[in-house]
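One structure is given here, and the rest of the page talks about it.
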Amino acid sequence: MAKLLYSASMSLDGFIAGPGGDMSWLAEHVGPNPAVDELVPRIGALLVGRRTFGGDDPYKGRPEEGQAFGGAWSGPQFVLTHHAPEIQVPDVTFVGDLDTAVAAAKAAAGERYVNVLGADIARQCLEAGILDEIFVSFAPVLLGDGVRLFDHPGGSTVQLERLSLTSAPDATNIWLRVLGR
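Numbering of the sequence shown is given in this note's numbering, commencing with residue 3 and proceeding in unit increments.
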């Protein structure tokens, strides 16, 4: 059965996007990363938050714009939203509730990962107790403000287990298993 994996690139001070969801900061840090290259073929479906789906793209203005993992991955995407667009998007299903979105994404992923993209949807999955793993690629930059990897003031402590720690030319990666609260 598919596992839910939240993956993100993050600044050293804990932000996955700059103010207003700005992703331009990431463009200069996207480069060779063997851990990401190994992860991508293990992804069977994406579970994406609406803001992430319609938000800024680190590949803006480049041929890879609008493509998951810069075009290295393609497949079914499930976008959690209460306001689906009227125009259909190929390989994208808009879903109105978390349980339905997760079930559909897991069915589509088969034995591979459902990759969660977006801080708010990752937080919802964590709170629901359904997030299995977290992969973070730390970029050598301090953003100072923006969207945090996880933001839940007053939230409870979540225990994690390190599965791996690797480095790439412009990143340090940590892969964690969610043990629970």
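We put the CB at the ideal spot given by N, CA and C, even for glycine.
All of these numbers come straight from a predicted model, not from anything done at the bench.
Exposure label - residue i; buried when at least 16 CB within 10 Å
| i | result |
| --- | --- |
| G51 | buried |
| L92 | The displayed chain sequence assigns Pro, not Leu, to residue 92. Under this definition P92 is an exposed residue. |
| T1 | In this structure the chain extends from 3 to 183, so residue 1 is not present and cannot be described. |
| A105 | exposed |
| P142 | exposed |
| E60 | Residue 60 is actually Pro in this sequence, not Glu. So P60 ends up on the buried side. |
| L14 | exposed |
| L144 | exposed |
| I89 | exposed |
| A173 | buried |
Residue of the options minimising C-alpha distance to residue i
| i | options | result |
| --- | --- | --- |
| H84 | D99, G77, S26 | D99 |
| E66 | A47, L82, L49, V32 | V32 |
| R125 | A86, Q79, G72, P155 | P155 |
| V118 | P60, S158, G20, F80 | F80 |
| P21 | L6, G46, P43, G57 | G57 |
| L128 | A109, I89, D153 | D153 |
| W75 | I18, K62, P43, F17 | P43 |
Contact under 9 Å by Cβ, residue i with residue j
| i | j | result |
| --- | --- | --- |
| A10 | R114 | no |
| A121 | V160 | no |
| G131 | G182 | yes |
| Y8 | L133 | yes |
| L82 | A111 | no |
| L41 | V116 | no |
| L151 | M12 | yes |
| G46 | G23 | no |
Interface flag, residue i vs chain B, CB-CB below 9 Å
| i | result |
| --- | --- |
| G63 | This model lacks chain B altogether, as it is built from one protein chain only. |
Legend entry - Segment contact flag, the stretch 32–49 with the stretch 167–176, C-beta cutoff 8 Å, min 3 pairs: Contact between the stretch 32–49 and the stretch 167–176 is present: three or more C-beta pairs spanning the two stretches fall below 8 Å.
Inset, instruction - Evaluate contact between the stretch 130–139 and the stretch 170–179, counting only Cβ atoms and requiring at least three cross-stretch pairs below 8 Å. - result: Taking 8 Å as the limit for Cβ pairs, the verdict is that the stretch 170–179 does touch the stretch 130–139.
Legend entry - the stretch 94–111 touching the stretch 66–75, judged by at least three CB pairs closer than 8 Å: Fewer than three pairs of CB atoms, one per stretch, sit closer than 8 Å, so the stretch 94–111 makes no contact with the stretch 66–75.
Inset, instruction - Enumerate, from N- to C-terminal direction, the unbroken alpha helix (DSSP H) stretches of 4 or more residues contained entirely within the stretch 14–68. - result: Listed in chain order, the alpha helix (DSSP H) elements of length 4 or more contained wholly in the stretch 14–68 are 36–41, 52–56.
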